[in-house]
Ligand SMILES: [Zn+2]
Ligand SMILES: [Zn+2]
């Protein structure tokens, strides 16, 4: 999943990705992320190595396919951008339109990819990790990249959005993809209880999709999962448990630090 943002020309996105990766590596090394780990003993080097290979293959193949498709559609005049400056709310509306439509596209195709034989042929590769890490984001079959990424040219052919909107969409997709596969929960414990935030997925939400294979199909929002009854019934109580464990770890660390200073 989330293969659609891999457009080689997006330099800003690449820098953001490197920046985030460097920050996270440094954070993990310092052990500051320990309290936020979703599945403490889930990491397997063997799976990580395989994912690195698949991610590299997928990056090259997808960039080639999606890049060619985008170039062709631009040449045929089917994709155009509005280069004029626009009011911030216009950009926000275009941005929201993209995510509402893409969230719908992603949910239904993701659900379809869990049905045999599509699961075995296309989506199984992405599910090698039952405890996802950031490389899992890229470890998808090129077919899946094409299915998810195919939305971008279709959207751009249907709507002439401003290039500023497109510049926002790319990095958002990258950050979202990396975050939901990070294996760490950074959101506050009230996230699923607040009416304003519970509609947006968390790392725990997608982590559970990898752990249990069923339910939690949404890629950005929980809306379709809630509407169709596909949200994992224990999702919210498990989220609370992870946050409670994190608080306990941080509490212990504070106590030890306090004892050392006495
Ligand atoms: Zn995933
Ligand atoms: Zn899946």
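Residue numbers (our numbering): 843 to 1104. Here a beta-carbon is modelled for each residue, glycine too, at the ideal position from N, C-alpha and C. The structure displayed is predicted, hence computed values, not measured ones.
Nonlocal neighbours in the same chain, by C-beta distance under 6 Å from residue 1031, ignoring five residues either side: 1085
Apply the 10 Å Cβ neighbour rule to residue 951 and answer buried if 16 or more other Cβ atoms are within range, or exposed otherwise. buried
What separation, rounded to the nearest whole angstrom, lies between the Cα atoms of residue 942 and residue 899? 30 Å
Candidates 1060, 1049, 1063, of which the one nearest residue 879 by Cα: 1049
Have a look at residue 992 and residue 1077 and give me their C-alpha separation to the nearest angstrom. 30 Å
Member of 864, 940, 928, 1060 whose CA lies at the smallest distance from the CA of residue 1001: 940
Could you tell me whether any non-hydrogen atom of ligand 1 is closer than 7 Å to the CB of residue 1064? no
Own chain partners of residue 948 with C-beta closer than 6 Å, once the 5 adjacent residues on each side are dropped: 1061
Distance between residue 1082 and residue 1035 (C-alpha atoms, nearest Å): 10 Å
Mapping DSSP to helix, strand and coil, what is residue 1028? coil
Could you tell me which of 999, 861, 909 sits nearest to residue 924, measuring between CA atoms? 999
For the alpha helix (DSSP H) containing residue 1033, name the first residue and the last one. Unbroken run through residue 1033: none, as it is neither H nor E.
Do the CB positions of residue 1019 and residue 972 come within less than 8 Å of each other? no
Give the single residue among 1040, 975, 883, 970 whose Cα lies nearest to the Cα of residue 1055. 970
Does at least one heavy atom of ligand 1 sit under 7 Å from the Cβ of residue 968? yes
Using the C-alpha atoms, what's the distance from residue 1038 back to residue 883? 32 Å
Should residue 1047 go down as buried or exposed, given a rule of 16 or more other Cβ atoms within 10 Å for buried? buried
For residue 986, count the other beta carbons within 10 Å of its own beta carbon; 16 or more makes it buried, fewer makes it exposed. Which is it? buried
Any chance you could list the alpha helix (DSSP H) runs of at least 4 consecutive residues sitting entirely within the segment 970-1009, in chain order? 984-991, 993-1000
Assuming the contact rule is C-beta atoms closer than 8 Å, residue 981 and residue 885 should be a hit. Round their C-beta distance to whole Å, please. The Cβ separation is near 14 Å, so there is no contact.
Residues in the same chain with beta-carbon distance under 8 Å from residue 889, minus the five sequence neighbours each way, listed in chain order, please. 970, 971
DSSP beta-bridge partners of residue 1042: 1063
6 Å CB neighbourhood of residue 855 in its chain, flanking five on each side removed: 1012, 1013, 1016
Quick check: does the Cβ of residue 1023 come within less than 7 Å of any heavy atom belonging to ligand 2? no
Nearest by alpha-carbon distance to residue 975: which of 1009, 891, 996 is it? 891
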